[in-house]
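All remarks here apply to the structure that follows.
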Amino acid sequence: MSTPSVANNAYQMAAKLAQQAASPGDMPAGPESVDFGQMVQEAVESVVDKGRDMDSKSIGLIEGRTDVVDVVTAVAETEMALETMVSVRDRVISAYEEIMRMPI
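Numbered according to our numbering, the sequence shown spans residues 41 to 144.
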């Protein structure tokens, strides 16, 4: 998978989320409408899958089955996914800290 396809996938996910946010009548009301835990689990699984893909391509390079460009692309995709996950984690922690500072 090339970097443009990763960007395209990210754009499609953002467009889907924007569409869901724009049409709230289609989604059920209440906290059960979005399962935050499931969303986080899927994101973590995606990062882990990218890491496994990178590992297999790295091993393929050592064995002479994979091209260097494929390995570099896999490393870049994994790095980008991990940086995104860390950024989201930082934002969640920041939001939690802000909620904890709110007066009751």
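C-beta atoms are modelled at their ideal positions from N, C-alpha and C, and glycine is treated no differently. A quick note: this is a predicted structure, and the numbers were derived from the prediction, not measured.
Applying the 10 Å Cβ sphere with the 16-neighbour rule, what's the burial state of residue i?
{"i": "Met79", "result": "exposed"}
{"i": "Ala135", "result": "exposed"}
{"i": "Met94", "result": "buried"}
Less than 7 Å between C-beta atoms, sequence neighbours within five positions excluded: which residues of the same chain meet that for residue i?
{"i": "Lys90", "result": "Glu117, Thr118 and Ala121"}
{"i": "Ala114", "result": "Asp93, Met94 and Lys97"}
Output needed for residue i: all residues of its chain with C-beta closer than 6 Å, excluding positions within five of it in sequence on either side, in chain order.
{"i": "Met125", "result": "Val87"}
{"i": "Ile99", "result": "none"}
Kindly list the residues whose CB is nearer than 8 Å to the CB of residue i, restricted to its own chain and excluding five residues on each side of it in sequence; keep chain order.
{"i": "Gly104", "result": "none"}
Could you spell out where the alpha helix (DSSP H) holding residue i opens and where it closes?
{"i": "Arg141", "result": "Val108 to Arg141"}
{"i": "Gly91", "result": "Phe76 to Glu103"}
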